[in-house]
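Scroll down for the structure; my scribbles are underneath it.
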Amino acid sequence: PSIRHRLSSSSSPLPSISQQIHHHIMFKYVFIPADNSKPIEVREGDKSGGLGDDVLSKEAKAYFYASSDKGARAAALNNATPEQRKVLADQLRDEVRAASATSPYAGQMAAMNDDALIDIMRTTHTSATCEITALTVPTAINQQRAVSLYSADDARNQNLPYNRRATELLVACGHNITTEHSPSNMSIGSAPPGGICGDAFVGRCHDDEIADIWERVDFTIDDANPRAEWCDVARRPGGGGSSGGGASSGGGGPRSLSGLMNQNAITAGPGAGANAGNSFAEGKGDGYTWSQNDEEVELRFPVSSGTKAKYVKVNFGRSKLKVTVAGQTLLNGSLGGVVAVDDSTFTIEDANSGTGKELCVTLGKKEGNTWPFVIQSELPTTTIS
Numbered sequence: 006p007s008i009r010h011r012l013s014s015s016s017s018p019l020p021s022i023s024q025q026i027h028h029h030i031m032f033k034y035v036f037i038p039a040d041n042s043k044p045i046e047v048r049e050g051d052k053s054g055g056l057g058d059d060v061l062s063k064e065a066k067a068y069f070y071a072s073s074d075k076g077a078r079a080a081a082l083n084n085a086t087p088e089q090r091k092v093l094a095d096q097l098r099d100e101v102r103a104a105s106a107t108s109p110y111a112g113q114m115a116a117m118n119d120d121a122l123i124d125i126m127r128t129t130h131t132s133a134t135c136e137i138t139a140l141t142v143p144t145a146i147n148q149q150r151a152v153s154l155y156s157a158d159d160a161r162n163q164n165l166p167y168n169r170r171a172t173e174l175l176v177a178c179g180h181n182i183t184t185e186h187s188p189s190n191m192s193i194g195s196a197p198p199g200g201i202c203g204d205a206f207v208g209r210c211h212d213d214e215i216a217d218i219w220e221r222v223d224f225t226i227d228d229a230n231p232r233a234e235w236c237d238v239a240r241r242p243g244g245g246g247s248s249g250g251g252a253s254s255g256g257g258g259p260r261s262l263s264g265l266m267n268q269n270a271i272t273a274g275p276g277a278g279a280n281a282g283n284s285f286a287e288g289k290g291d292g293y294t295w296s297q298n299d300e301e302v303e304l305r306f307p308v309s310s311g312t313k314a315k316y317v318k319v320n321f322g323r324s325k326l327k328v329t330v331a332g333q334t335l336l337n338g339s340l341g342g343v344v345a346v347d348d349s350t351f352t353i354e355d356a357n358s359g360t361g362k363e364l365c366v367t368l369g370k371k372e373g374n375t376w377p378f379v380i381q382s383e384l385p386t387t388t389i390s
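Put into structure tokens, the structure is as follows:
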């Protein structure tokens, strides 16, 4: 700012030195509980440790370790008798041989001695680890910002509940959750095969290899909204997210770090109401049902048999929708994507159930992508320093 501007602003109190230092070394990230009734938490960490001593990574690993049975498994391994250790090693050899068709390392592992196999088992089954999902990778278009989601690496084996709000962020960044599987293919209720299960942490970093920069930067509660601008950027070619296609030529699906890096290098060359249920193709809201494909969203409201078009008022906005029938507001809120207003309309039809009438509201999509939700619900938050 100019000297003139600084002088004119002198009446505003300047932050103290301690406040400036605090702001400089601290960063924000979020914790998203799988339980939708619990608020998303905004947390703070010290970023001075850099990549080698990252606070978020350490907290996530410690959190998922404490909430798992890995401690008990570690104790069982440490207290195992020689006979028990041999049985465990033989079991692991059998598992490795069974996977020999898909694993290039199966032969080497099967030839290891018992102690080496037990050490591998201790590392993979009892250590503090977590699954890291690349929501975005750093690119020039997103100013070299990477966003990562941290969840339990054995969430499906633990039968952890589906995390709708975390999965919405995946969808908003263009990831295909209907075909992209998590490490385990076990099903939990109706959770999409590539959806997030269990609690999750989300954070952002500035990662520029050419400039030799790796630094944590803020990921706020506003960023946890799947309609946030960074999600829109992620879906663009070279924007750091995924176009939702298959595995890239570099190996690994769109959610893997290598897959996303290769894909973007080539191209660059919550809650309740309308979000109830786990499907992103259809669902139920408060007094209506909805469905979507790549071209449009359809909402159906049951109405009385005498309802005529003149009683209906629908306000189509680019990102908002209000539906009123006979002076009663049936729906009023922010939408999960951008609407092509000229391609949107409503009709009164016979109900699919065969009895009564339905008001059918059709929203044309401006972009051909899956909306992470239909109508926005409030995002309750708490802040933890």
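Residue numbering for the sequence shown follows the working numbering, starting at 6 and increasing by one per position. Glycine included, every Cβ here is placed at the ideal spot set by N, Cα and C.
query	result
For Lys-370, list the residues DSSP reports as bridge partners.	Val-344
Please identify the residue among Ala-157, Leu-335 and Arg-221 whose C-alpha is closest to the C-alpha of Ile-201.	Ala-157
In three-state DSSP terms, what is Ser-339?	strand
Using a Cβ-Cβ cut-off of 7 angstroms (strictly less than) and excluding sequence neighbours within five positions of Thr-352, which residues of its own chain qualify?	Cys-365
Any idea if Asp-217 is buried or exposed, counting beta-carbon neighbours within 10 angstroms, 16 or more meaning buried?	exposed
Kindly indicate which residue of Gly-199, Asn-41, Trp-376 and Ile-45 has the alpha-carbon position closest to the one of Phe-206.	Ile-45
Based on DSSP bridge pairs, tell me the residues matched to Trp-376.	According to DSSP, Trp-376 bridges with nothing at all.
When burial is assigned at 16 or more other CB atoms within 10 Å of the CB, is Glu-136 buried or exposed?	buried
Using the Cα positions of Ala-239 and Pro-377, report the straight-line distance between them to the nearest angstrom.	14 angstroms
To the nearest angstrom, how far is it from the Cα of Ser-324 to the Cα of Ala-229?	18 angstroms
Just mark Thr-138 as buried or exposed, buried being the case when its beta carbon has 16 or more other beta carbons within 10 Å.	buried
Cutting at 8 angstroms between CB atoms, please list the residues of its own chain near Thr-225, excluding the five before and the five after it.	Lys-33, Val-35 and Val-47
Looking at C-alpha atoms only, which residue of Gln-381, Asn-320, Ile-37 and Thr-375 is the closest neighbour of Ser-153?	Ile-37
Comparing C-alpha positions only, which one of Arg-241, Glu-287, Glu-301 and Ala-331 sits nearest to Val-346?	Glu-301
Applying the 10 Å Cβ sphere with the 16-neighbour rule, what's the burial state of Gly-249?	Confidence in Gly-249 is poor, its pLDDT being 39 and thus under 50, which makes the residue's placement too unreliable to answer from.
When we look at the beta-carbon of Ser-309 and count the other beta-carbons within 10 Å, is it buried (16 or more) or exposed?	exposed
Taking 7 angstroms as the cut-off, decide whether the C-beta atoms of Val-101 and Ala-85 are in contact.	no
Would you mind sorting Gly-57 into buried or exposed? The rule is 16 or more other CB atoms within 10 Å of its CB.	exposed
In angstroms, rounded to a whole number, what distance separates the CA positions of Tyr-167 and Ala-160?	9 angstroms
Can you list, in chain order, the residues of its chain with a C-beta nearer than 7 angstroms to that of Asp-348? Leave out the 5 residues immediately preceding and following it.	Gly-369
For Ile-380 and Leu-340, which I take to be in contact (beta-carbon distance under 8 angstroms), what is that distance rounded to the nearest angstrom?	7 angstroms
Quick check: what's the CA-CA separation for Thr-144 versus Cys-178?	14 angstroms
If the criterion is Cβ atoms closer than 7 angstroms, does the pair Val-328 and Tyr-316 meet it?	no
Check whether the Cβ atoms of Asp-59 and Ile-30 lie closer than 7 angstroms to each other.	no
Please report the Cβ distance between His-211 and Gln-163, rounded to the nearest whole angstrom; I am assuming they are in contact, meaning their Cβ atoms lie under 8 angstroms.	Actually they are not in contact, since the Cβ atoms of His-211 and Gln-163 sit about 33 angstroms apart, beyond 8 angstroms.
For the alpha helix (DSSP H) that Asp-51 lies in, which residues bound it at each end?	Counting along the chain, Asp-51 falls outside any alpha helix (DSSP H), though it belongs to the beta strand (DSSP E) covering 45 to 51.
From which residue to which residue does the alpha helix (DSSP H) around Phe-69 run?	60 to 71
Any idea what DSSP makes of Arg-221, helix, strand or coil?	strand
Mapping the DSSP letters down to three states, classify Cys-365 as helix, strand or coil.	strand
Could you work out which residue in Gly-292, His-180, Asp-99 and Gly-288 is closest to Arg-241 when comparing CA atoms only?	His-180
Candidates Tyr-155, Leu-165 and Leu-97: which alpha carbon is nearest Ala-121's?	Leu-97
Out of curiosity, what's the CA-to-CA distance linking Arg-232 and Gly-342?	7 angstroms
What are the residues that DSSP puts in a beta bridge with Lys-325?	Ser-339
Identify whether Met-114 lies in helix, strand or coil by the three-state DSSP scheme.	helix
Taking the Cβ atom as the reference point for each residue, do Ile-182 and Gly-199 lie within a distance shorter than 7 angstroms?	yes
Suppose the cutoff is 6 angstroms on Cβ atoms and the five residues either side in sequence are ignored; what does the same chain contact list for Phe-69 look like?	Cys-135 and Ala-157
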